[in-house]
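Written below as structure tokens is the structure these notes are about.
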Amino acid sequence: MGLDIRLPIGALFTILGVLLAGYGLGSNAAIYQRSMGINVNLIWGMVLLVFGLVMILLGRRGVSHGSKLEDRNPPAKTQPK
Amino acid sequence: MTIIDWIIMLVYFAFVLGIGFLLKRRVKTSTDFFLAGRAIPAWICGLAFLSANLGAQEVIGMAASGAKYGIATSHFYWIGAIPAMVFVGIFMMPFYYGSRARSVPEYLRLRFDEKTRGLNAISFATMTVFSSGISMYAMARLIQTLHILDAPVQRLSVSPQWIFHVSIAFSALIVLAYILLGGLSSAIYNEVLQFFLIVAGFSPLVWLGLKNVGGWHELTKRVPAAYTHSWVGMGSPQTNPMGVEWFGLVMGLGFVLSFGYWCTDFLVVQRAMAADSMNAARRTPLIAAVPKMLFPFLVILPGLIAIAVPLETPAAVVASSSSQPQHGYLGLGLIPPKIDDSTGRPKLDENGHPVLDYDLAIPNMLLHYFPTGLLGLGVIALLASFMSGMAGNVTAFNTVWTYDIYQSYIRPNASDQHYLAMGRLATVFGVALSIAAAYAATRFNNIMDMLQLVFAFVNAPLFATFLLGMFWKRATGHGAFFGLISGTAAAALHHGLTLPSGAVPGIKGAWLGSVLHLYPSEMAQNFWTAIWAWTTCFIMTIVISLATRPRPEGELAGLVYSLTERPSEEHLAWYKRPLALGAAVIALTLVLNLVLR
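Same order as they appear, the protein sequences are chains A and B.
For the first sequence, this note's numbering assigns the number 248 to the initial residue and increments by one for each residue that follows.
For the second sequence, this note's numbering assigns the number 18 to the initial residue and increments by one for each residue that follows.
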């Protein structure tokens with residue numbers, strides 16, 4: 248498969264992470280009353296961002312490695328009729 | 018919900034559709050569309066295998082059971098799913114993948130005969146359409162309850178009734194679009210994405226909830242002791258919240274129902290059939306089993322926290338609603354009383370206590386703990402679970418319809434391009450039928466309950482048929498077909514003659530007029546219905562097979578255990594060997610059972 252699923256997953260989590268963490272930085276502390284005063288947007292946004300970047304990194308390393316694998320296992324197309 | 022939540026939702030939908038577009042040019046043959054070209058790596062299949070089952074019933078239902086029965090709900094995972102997943106990976110996958118069957122019903126035709134395949138294909142196709150309809154219905158109701166669309170609908174000054182229609186139409190369109198574009202690959206890739214979103218959306222819920230309650234130890238003090246033990250009290254139905262004894266639990270839930278689902282349901286097996294090699298197909302359920310065994314902490318624990326949350330005013334608060342009528346009845350923790358739609362008053366049981374709406378455990382937890390921003394993430398995690406459940410059903414439906422019904426009975430010998438076009442068409446009418454089912458659910462709630470009951474009768478005996486088919490070469494087509502029918506009849510008969518305590522005869526049982534046995538709970542009745550169905554099917558298949566002519570052994574190579582070469586594992590690293598992986602998975606599950614005994 249040419250498309251490595253880790254790349255779109257990484258991209259989505261990176262964007263979500265930046266959005267959440269950015270919002271967490273700028274937001275009013277009052278909205279964190281329900282999360283017991285913890286700025287969960289900032290903390291969880293950072294977690295998502297790190298996860299997203301790791302996925303992109305793995306995906307980019309996997310693309311060159313993955314193409315070699317594909318040569319070894321050509322997908323079978325024969326079907327019983 | 019504020020602007021940031023909306024942006025998060027938009028980004029999510031853009032990615033879901035984007036993956037469909039990226040995969041579009043790869044779909045050239047019907048194999049690409051229905052089986053993802055059999056070219057997906059094991060870990061992706063594994064996560065999709067898990068995710069296809071993570072639909073509405075799973076996430077909302079498991080949290081609801083967590084609140085109702087406590088940590089014992091994890092038996093659905095530790096006794097139920099995990100052993101079955103190990104079994105299907107190690108013992109059954111060689112026949113599913115090795116026979117090159119394109120679907121589970123097709124395996125039944127190769128192993129048994131046409132009528133057994135027809136029976137399975139038609140009942141399965143009907144079931145998937147209704148499950149995806151129920152999923153859609155539940156999602157639209159949830160969007161109403163969470164008041165997600167209230168503000169935009171008010172701004173457009175249209176009737177609030179439209180929230181339901183818009184939710185149904187929108188979810189149907191998204192699922193339709195990404196399956197039409199990329200077929201099974203698109204569904205599988207989106208399921209992997211959704212798996213990570215579900216984990217990302219629900220983990221902070223558990224984190225904040227546990228912190229609020231004061232940690233696990235404090236939680237065990239705040240709820241009745243039986244709620245934090247999975248085995249203590251299982252000796253008798255009277256001493257645990259589920260009302261089941263260990264034998265009914267292990268045999269009914271563990272052996273019959275879970276093996277029946279995870280080993281024979283094409284919805285999940287299809288994900289493993291898409292794998293790029295035999296070894297990858299066998300590892301698919303084993304890889305899925307690792308996150309699966311930890312899922313109780315993600316989906317059951319929130320339910321338990323919901324009943325233990327310290328609140329200033331215990332509970333009638335539906336955090337979601339500001340216009341909640343003051344009816345004076347209290348819920349339990351974050352679980353509100355169930356409101357009767359027709360009267361707007363809480364439903365009461367025969368003792369005058371309010372009936373609790375456990376299905377609101379997860380939604381109310383989200384609203385209670387998540388500030389705007391994170392709330393958007395929580396909502397897309399929920400939407401992701403609904404849509405992956407729906408898409409799983411639709412992709413299974415279009416394959417079974419095209420290969421096992423259309424190609425077999427309506428138009429054989431057409432070109433591959435014709436079947437590819439039919440697959441796309443089947444996706445459209447599969448979604449259309451799901452919408453019809455969702456609307457049927459709004460009008461005839463009892464019909465849905467009845468259908469689910471009938472499906473349970475049809476499914477319960479299936480595992481006996483597959484077990485005999487794969488491991489006993491003497492089993493014949495007549496034996497399988499009539500065994501299945503008698504198993505279904507036995508399930509219906511058992512259900513019609515028994516009743517869970519506290520229920521009235523009717524949809525809950527005893528509809529044949531007399532009550533031969535009273536079960537302590539509905540769950541116990543379900544488990545025993547399954548045990549009866551399985552045993553009847555097992556015995557009848559053996560008896561009829563022995564009385565009918567066996568198939569020549571030459572025709573059964575690759576379909577039956579004793580006539581198939583074992584796939585060799587020696588050249589693989591240990592962590593890629595299915596047997597080693599399976600043993601590790603079972604050992605870890607035992608540890609979890611011991612820790613939370």
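Glycine included, every Cβ here is placed at the ideal spot set by N, Cα and C.
Under a CB-based cut-off of 9 angstroms, is residue i close to chain B?
i	result
Gly292/A	yes
Ile303/A	no
Val297/A	no
Gly271/A	yes
Leu263/A	yes
Arg308/A	no
Leu267/A	yes
Ser282/A	yes
Leu300/A	no
Closer than 9 angstroms, CB to CB, is residue i near chain A or not?
i	result
Asn381/B	no
Gly390/B	yes
Ile422/B	no
Leu394/B	yes
Asn476/B	no
Pro584/B	no
Leu67/B	no
Ala217/B	yes
Could you give the DSSP three-state label for residue i: helix, strand or coil?
i	result
Pro380/B	helix
Thr505/B	helix
Leu225/B	helix
Gly19/B	Correcting the residue identity first, residue 19/B is Thr in this sequence and not Gly. Three-state result, Thr19/B: coil.
Pro308/B	helix
Gly97/B	helix
His512/B	helix
Leu173/B	coil
Leu535/B	strand
Ala289/B	helix
Pro122/B	helix
Ile36/B	helix
Gly78/B	helix
Ser338/B	In this prediction, Ser338/B scores a pLDDT of 41, lower than 50, which makes its location untrustworthy; the coordinate-derived value is nonetheless stated afterwards. If DSSP states are grouped into helix, strand and coil, Ser338/B belongs with coil.
Ile205/B	helix
Please name the residue in the options whose C-alpha comes closest to that of residue i.
i	options	result
Val612/B	Glu208/B, Trp233/B and Gly35/B	Trp233/B
Phe276/B	Met109/B, Ile322/B and Ala65/B	Met109/B
Met467/B	Ala305/B, Leu136/B, Phe147/B and Val411/B	Phe147/B
Phe272/B	Pro595/B, Thr581/B and Trp545/B	Trp545/B
Ala627/B	Pro302/B, Tyr278/B and Pro380/B	With chain B represented from 18 up to 614, any question about residue 627/B goes unanswered, as that position is not in the structure.
Glu582/B	Leu573/B, Ala189/B and Val33/B	Leu573/B
Leu272/A	Arg281/A, Gly292/A and Gln280/A	Gly292/A
Using C-beta distances below 6 angstroms, list every residue in its chain close to residue i, excluding the 5 sequence neighbours before and after it, in chain order.
i	result
Met144/B	Phe472
Gly513/B	Trp528 and Leu529
Ser202/B	Leu40 and Ala53
Ala550/B	Ala477, Pro478, Gly504, Ala507 and Ala508
Leu598/B	Leu303
Ala630/B	As displayed, chain B neither begins before 18 nor continues past 614, which places residue 630/B out of reach and without an answer.
Ile80/B	The residue asked about is misnamed: residue 80/B is Ala in this sequence, not Ile. The answer, listed in chain order, is Val316, Pro319, Gly320, Ala378 and Ile379.
Identify, in the order they occur along the chain, each residue of the same chain with its Cβ nearer than 7 angstroms to the Cβ of residue i, setting aside the five sequence neighbours on each side.
i	result
Ala65/B	Ile205, Glu208, Val209 and Arg288
Leu214/B	Ile397, Ala398 and Ala401
Val458/B	The sequence given here has Ala at residue 458/B, not Val. Around Ala458/B: Gly150, Ile151, Tyr154 and Met465.
Thr565/B	Thr493, His495 and Gly496
In chain order, what residues of the same chain lie with their CB nearer than 8 angstroms to the CB of residue i, ignoring the 5 residues before and after it?
i	result
Ser184/B	Met156, Ala157, Ile160, Gln161 and Leu166
Val103/B	Pro302, Leu303, Ala306, Gly599, Val602 and Ile603
Ala336/B	Caution applies to Ala336/B, whose pLDDT of 40 falls short of 50 and renders its modelled position unreliable; the model cannot decide the point.
Glu570/B	Lys490 and Leu580
Leu605/B	Val307 and Met310
Phe32/B	Leu210
State yes or no: is the C-beta of residue i nearer than 8 angstroms to some heavy atom of the ligand MG?
i	result
Phe403/B	Judged by which ligands are present, the structure shown has none, so any question about the ligand MG falls away.
Quiz item: Should the stretch 109 to 129 of chain B be called in touch with the stretch 383 to 397 of chain B, which here means at least 3 C-beta pairs below 8 angstroms?
Solution: no
Self-check item: Contact the stretch 67 to 77 of chain B vs the stretch 238 to 245 of chain B: 3+ CB pairs below 8 angstroms
Solution: no
Quiz item: For the stretch 37 to 55 of chain B against the stretch 290 to 308 of chain B, are there 3 or more C-beta pairs whose distance is under 8 angstroms?
Solution: yes
Quiz item: For the 8 angstroms Cβ check, are there 3 or more pairs between the stretch 492 to 508 of chain B and the stretch 550 to 563 of chain B?
Solution: yes
Quiz item: Between the stretch 148 to 162 of chain B and the stretch 82 to 93 of chain B, do three or more beta carbon pairs fall short of 8 angstroms?
Solution: no
Quiz item: Between the stretch 205 to 212 of chain B and the stretch 398 to 413 of chain B, do at least 3 Cβ pairs fall closer than 8 angstroms?
Solution: yes
Quiz item: Any contact of the stretch 248 to 264 of chain A with the stretch 280 to 300 of chain A, i.e. 3+ C-beta pairs under 8 angstroms?
Solution: yes
Quiz prompt | Inter-stretch contact (C-beta, 8 angstroms, three-pair minimum) for the stretch 105 to 123 of chain B and the stretch 434 to 442 of chain B | solution = Between the stretch 105 to 123 of chain B and the stretch 434 to 442 of chain B there are fewer than three inter-stretch CB-CB distances shorter than 8 angstroms, so the stretches are not counted as touching.
Practice problem: Would you check if there are 3 or more beta carbon pairs closer than 8 angstroms linking the stretch 263 to 280 of chain A to the stretch 383 to 392 of chain B? | Solution: yes
Exercise. Flag this pair as touching only if the stretch 219 to 230 of chain B and the stretch 311 to 321 of chain B have three or more C-beta atom pairs under 8 angstroms; answer yes or no.
Key: Output reads yes: the stretch 311 to 321 of chain B touches the stretch 219 to 230 of chain B.
Self-check item: the stretch 583 to 593 of chain B contacting the stretch 513 to 523 of chain B, beta-carbon criterion three pairs below 8 angstroms
Solution: no
Quiz prompt | Three or more C-beta pairs below 8 angstroms linking the stretch 91 to 101 of chain B and the stretch 19 to 28 of chain B | solution = no
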